[in-house]
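**Student:**
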Amino acid sequence: MMTPNEDQDGYALITGENGIAPNQPLPHASRNFKISSVSVGLLIGFLVQEATLAANVVILEVWGNEFAHTSRKEIVLFSLLWSFVTSAIAIILLGFLRSLITAFYQTLPMDGRTQQQTENIHKNMLESLEVLFVVGALIGVSFAWVITDLFLGMQPQINFSIITLGLALLWCKIVVSCRAQTEELEEEETGSQEKPLLVV
């Protein structure tokens with residue numbers, strides 16, 4: 028029976044019951060996972076933003092010519108509700124993807140020796156999925172805004188969308204870097220605590 032393992036580079040490996048297997052890293056699988064996570068986020072972000080912009084069509088269908096007489100409060104409430112629903116779609120889809128990965132890892136045969144390694148791989152995959160999905164969604168939303176601004180001929184708004192995307196990506200990079208440094212410090216502290224004491 029094959030069980031998951033992990034090498035020094037963090038790649039998921041497969042080993043047999045006797046510990047003998049090719050033990051080759053899977054960089055292509057890891058790269059494909061990252062590309063897929065970003066691509067799904069980009070697609071969802073683009074579609075969600077386009078759905079948000081499509082609220083104008085719904086407004087015309089609901090109010091029609093009476094839209095000019097609609098109160099500002101009703102318009103604001105409708106816009107907030109529409110944005111909440113479209114944003115919830117992306118969050119729900121991300122939850123489904125997390126559930127699929129978790130369900131896969133729960134089906135893997137594990138013993139006491141490989142359980143911790145499998146849990147670490149599972150945790151890393153979920154974190155990578157979340158970060159890359161969000162980055163892809165940010166790019167998709169900004170891309171949708173840029174396309175809309177191009178069609179409408181609004182050059183200043185294009186620059187604003189690009190600046191917003193750059194600031195958002197910079198913030199994501201800062202958060203991920205700080206998180207990685209925190210985890211490294213926790214691992215170093217855990218490793219130092221597990222070292223045996225030398226009694227003279």
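Numbering (my numbering), first residue to last: 28 to 227.
By construction, the Cβ of each residue, glycine as well, lies at the ideal position given by its N, Cα and C atoms.
1. Below 8 Å between beta carbons: does that hold for S4 and L159?
2. Could you check whether V75 and P117 sit closer than 8 Å to each other, using their CB atoms as the reference points?
3. Could you check whether the segment 168-176 touches the segment 187-194, counting it as contact only if at least three pairs of C-beta atoms, one from each stretch, sit closer than 8 Å?
4. Taking its Cβ as the centre, do 16 or more other Cβ atoms sit within 10 Å of V67, making it buried, or is it exposed?
5. Counting only the same chain and skipping the five closest in sequence on each side, list residues whose C-beta sits under 7 Å from that of L153.
6. So is L69 buried or exposed if we call it buried at 16+ other beta carbons inside 10 Å?
7. If you reduce the DSSP assignment to three classes, tell me which class P136 lands in.
8. I need the DSSP call for T175, collapsed to helix, strand or coil.
9. Could you tell me the boundaries of the alpha helix (DSSP H) in which A82 lies?
**Tutor:** Looking at the coordinates:
1. A query on residue 4 cannot be resolved here, the shown segment of the chain reaching from 28 to 227 and no further.
2. What you label residue 117 is simply residue 90 of the sequence shown in a count that begins at 1. What you label residue 75 is simply residue 48 of the sequence shown in a count that begins at 1. Checking the displayed sequence, the identity of residue 117 turns out to be Ala instead of Pro. Yes, the Cβ-Cβ distance between A117 and V75 is below 8 Å.
3. yes
4. Within the sequence shown, the letter at position 40 stands for residue 67. Buried, since its Cβ has 16 or more Cβ neighbours within 10 Å.
5. Here residue 153 is taken as the residue at index 126 of the sequence shown, counted from 1. Taken in chain order, the residues that qualify are R125 and I128.
6. Here the question's residue 69 lines up with position 42 in the sequence shown. Result: buried.
7. For this step, residue 136 is matched to residue 109 along the sequence shown. In this structure, P136 counts as coil in the three-state DSSP scheme.
8. To locate residue 175, count along the sequence shown from 1; it is residue 148. In this structure, T175 counts as helix in the three-state DSSP scheme.
9. The sequence position of residue 82 within the sequence shown is 55, counting from 1. It spans A82 to V89 - the alpha helix (DSSP H) in which A82 sits, taken as one unbroken run.
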